[in-house]
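Undergrad:
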């Protein structure tokens, strides 16, 4: 399959996922339909085929060399190395969101560092223990340590 064809297929899948995410975000957080839509998105991404670096480069508007460097740095998840490198579609979708947000904000240089920072921050915010600690802090519980 050509790079253009493969990129078009993945782009179509990601566009469909974006539409579902947009509808889900329009619903309140306690709406059961929102949770179901997020489940549909997660399933679609999990079943997406792994992506060649050259195709990821097309989607991210980066060179294949840069995509491979990002994969080696851990920003993009490597699905397999042999016989050729293939990237995880779930992580690619997440990185595509971050890169798009950064570009909309006018950031085009040193993207690797900024993407890495944002993904790290996101991973921290997803931790249950941090969410619990932040809730306790907002309620004024705990004690001040100096």
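In this note's numbering, the protein residues as written are 3 to 148. Built from N, CA and C at the ideal position, the CB exists for glycine as well.
1. Between 102, 90 and 55, which has its C-alpha nearest residue 20's C-alpha?
2. Taking the alpha-carbon positions, what's the residue 122 to residue 131 distance?
3. Just to confirm the assignment, what range does the alpha helix (DSSP H) spanning residue 102 have?
4. What distance in whole Å lies between the Cβ atoms of residue 87 and residue 70, which are believed to be in contact at a cut-off of 8 Å?
5. Over the uninterrupted alpha helix (DSSP H) stretch that includes residue 135, give me the two end residues.
6. Thinking just about the alpha-carbon of each residue, which of 91, 84, 32 and 73 is nearest to the one in residue 11?
7. Considering residue 82, what are the terminal residues of the beta strand (DSSP E) in which it resides?
8. Assign residue 136 to one of two classes, buried (16 or more other C-beta atoms within 10 Å of its C-beta) or exposed (fewer than that).
9. By DSSP, does residue 53 sit in helix, in strand, or in coil?
10. May I have the straight-line CA-CA distance separating residue 9 from residue 33, to the nearest angstrom?
11. Please report how far the alpha carbon of residue 78 lies from the alpha carbon of residue 72, in whole angstroms.
12. If you draw a straight line from the alpha carbon of residue 28 to that of residue 81, how long is it in whole angstroms?
TA: Looking at the atomic coordinates:
1. 102
2. 16 Å
3. 91–106
4. 7 Å
5. 130–140
6. 91
7. 80–82
8. exposed
9. strand
10. 34 Å
11. 6 Å
12. 32 Å
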